[in-house]
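Numbering (the numbering used here), first residue to last: 4 to 400.
For reference, the structure discussed in these notes is given below.
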């Protein structure tokens with residue numbers, strides 16, 4: 004991916020048609036149920052022809068190196084803010100239970116000017132199904148090509164099983180419409196990728212019944228590789244604008260609330276009229292001087308993987324030799340962050356058999372989070388306020 008700029012997005016969540024067969028090519032079950040009126044696809048094109056081009060998003064036969072795919076309405080409307088080489092999270096609403104799922108991920112994705120045409124879709128339909136396909140659908144399969152997306156296979160996979168989504172929490176919206184895509188910032192993308200990795204890890208340890216869309220080990224390997232790729236992108240230089248963070252320390256439990264203020268200087272992406280504060284920049288700055296949060300903190304590590312739970316932003320040691328999990332959030336942290344950090348703390352305590360504390364750092368906190376944290380003596384909230392200073396340095400005639 005290119006260097007990060009404000010206004011551009013390295014990732015996108017994109018709605019696609021449901022496929023019971025796992026997006027590996029022609030889905031005959033869906034076709035028959037649609038043709039006989041048992042189900043409806045939700046798109047005019049699908050209602051008419053009973054198939055979707057996205058069914059081929061993870062078809063192995065187009066190329067050894069690339070997947071070629073589709074997401075509506077790429078043939079008429081393209082996401083202009085999407086960075087070439089970015090990540091696409093394919094989400095779909097199950098036609099049977101009406102719930103939302105993550106069904107696949109494209110890594111190192113490009114949107115091509117012309118669709119893939121080396122093979123027609125009809126060429127990929129198994130012979131045993133062809134006599135059951137209507138003439139008008141066959142004509143579309145022979146002539147209509149809309150596979151404008153291309154992704155590297157080594158960084159891409161369908162999910163072994165569809166992963167349930169909390170749309171508001173994971174994507175940022177309740178629903179995606181017919182022309183549904185949602186830009187994701189780098190931190191949101193990594194969070195969603197981590198959730199997918201954890202989901203597959205859990206599948207690997209279970210006795211599974213029923214058909215898997217792909218082998219969990221292969222899917223896990225590809226998503227881990229994609230995560231490393233995203234983390235490299237996250238560390239790339241950005242167009243910067245100086246700003247100051249001011250800290251407001253909120254103690255919890257039975258302690259009284261107190262205020263302390265210190266200033267640190269970091270940089271953030273910027274463009275005309277817009278400023279964005281990526282979590283990684285706040286995390287980078289705090290990791291260099293954890294005393295901004297609390298005197299005596301010493302860094303142990305960052306982005307520490309805790310199996311079955313996720314990756315903790317920062318793990319430190321306090322002056323009393325207790326382990327401290329630090330969770331950094333950009334914007335307002337809500338009560339879901341408390342659940343998240345408690346899970347990290349529990350996993351770390353179980354692994355290390357030591358006392359563990361938690362600190363949440365954010366630009367603000369929801370009322371529910373503040374009230375909940377007051378009852379937990381080993382959780383602290385640290386509020387960071389962003390102040391941007393613009394100064395005239397020189398005037399040219």
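All C-beta atoms in this analysis are idealised placements derived from N, C-alpha and C, irrespective of residue type, glycine included.
C-alpha gap between residue i and residue j, whole angstroms
i           : j           : result
residue 32  : residue 41  : 11 angstroms
residue 174 : residue 13  : 14 angstroms
residue 338 : residue 383 : 13 angstroms
residue 322 : residue 293 : 12 angstroms
residue 351 : residue 317 : 12 angstroms
residue 309 : residue 315 : 7 angstroms
residue 139 : residue 52  : 7 angstroms
residue 189 : residue 331 : 14 angstroms
residue 11  : residue 151 : 20 angstroms
residue 208 : residue 220 : 11 angstroms
residue 363 : residue 349 : 15 angstroms
residue 90  : residue 15  : 6 angstroms
residue 114 : residue 354 : 44 angstroms
residue 306 : residue 54  : 42 angstroms
residue 303 : residue 368 : 26 angstroms
residue 141 : residue 125 : 7 angstroms
residue 64  : residue 83  : 29 angstroms
residue 148 : residue 78  : 10 angstroms
residue 158 : residue 121 : 22 angstroms
residue 86  : residue 235 : 15 angstroms
residue 386 : residue 365 : 5 angstroms
residue 177 : residue 97  : 15 angstroms
residue 241 : residue 184 : Per-residue confidence for residue 241 stands at a pLDDT of 45, beneath the threshold of 50, marking its modelled position as unreliable; the derived number appears in the next sentence. C-alpha separation (whole angstroms): 25 angstroms.
residue 192 : residue 214 : 28 angstroms
residue 238 : residue 284 : 9 angstroms
residue 94  : residue 107 : 7 angstroms
residue 30  : residue 187 : 30 angstroms
residue 133 : residue 23  : 19 angstroms
residue 287 : residue 80  : 37 angstroms
residue 391 : residue 117 : Residue placement at residue 391 is poorly supported in this model, since its pLDDT is 47, which falls under 50; the coordinates are not used for a value here.
residue 312 : residue 343 : 8 angstroms
For residue j and residue i, believed in contact at Cβ under 8 angstroms, the rounded distance
i           : j           : result
residue 200 : residue 227 : 7 angstroms
residue 168 : residue 105 : 6 angstroms
residue 28  : residue 59  : 6 angstroms
residue 325 : residue 360 : 6 angstroms
residue 123 : residue 144 : 7 angstroms
residue 341 : residue 376 : 6 angstroms
residue 26  : residue 57  : 7 angstroms
residue 336 : residue 300 : That pair is no contact at about 19 angstroms.
residue 62  : residue 146 : The pair is not a contact, with the Cβ atoms about 18 angstroms apart (cut-off 8 angstroms).
residue 154 : residue 48  : About 23 angstroms; that fails the 8 angstroms criterion.
residue 203 : residue 163 : 6 angstroms
residue 296 : residue 329 : 7 angstroms
residue 34  : residue 136 : 7 angstroms
residue 160 : residue 217 : 6 angstroms
Residue i (DSSP reduced to helix, strand or coil)
i           : result
residue 104 : strand
residue 285 : helix
residue 161 : strand
residue 215 : coil
residue 189 : helix
residue 386 : strand
residue 81  : coil
residue 322 : coil
residue 295 : helix
residue 95  : strand
residue 87  : strand
residue 377 : coil
residue 268 : Here residue 268 scores only 36 on pLDDT, less than 50, and its place in the model is too uncertain to base an answer on.
residue 172 : helix
residue 115 : coil
residue 223 : helix
residue 372 : helix
residue 306 : strand
residue 152 : strand
residue 177 : coil
residue 209 : coil
Residue-chain proximity (residue i, chain C), Cβ-Cβ < 8 angstroms
i          : result
residue 33 : Looking at the structure shown, chain C is missing, and only one protein chain is on hand.
Worksheet item: If you pair each beta-carbon of the segment 73–85 with each one of the segment 13–22, do three or more pairs fall below 8 angstroms?
Response: yes
Worksheet item: Does the segment 227–236 come within contact of the segment 187–205, defined as at least 3 CB pairs closer than 8 angstroms?
Response: yes
Item to complete: Quick one: which unbroken alpha helix (DSSP H) runs of 4-plus residues sit fully inside the segment 7–77? Chain order, please.
Response: 31–38, 47–52
Discussion item. What ranges does the alpha helix (DSSP H) occupy inside the segment 331–370, keeping only unbroken runs of at least 4 residues that lie completely in it?
Written reply: 338–355
Discussion item. For a minimum of 4 consecutive residues, which ranges assigned as the alpha helix (DSSP H) are wholly contained in the segment 117–150?
Written reply: 124–127, 130–133, 138–146
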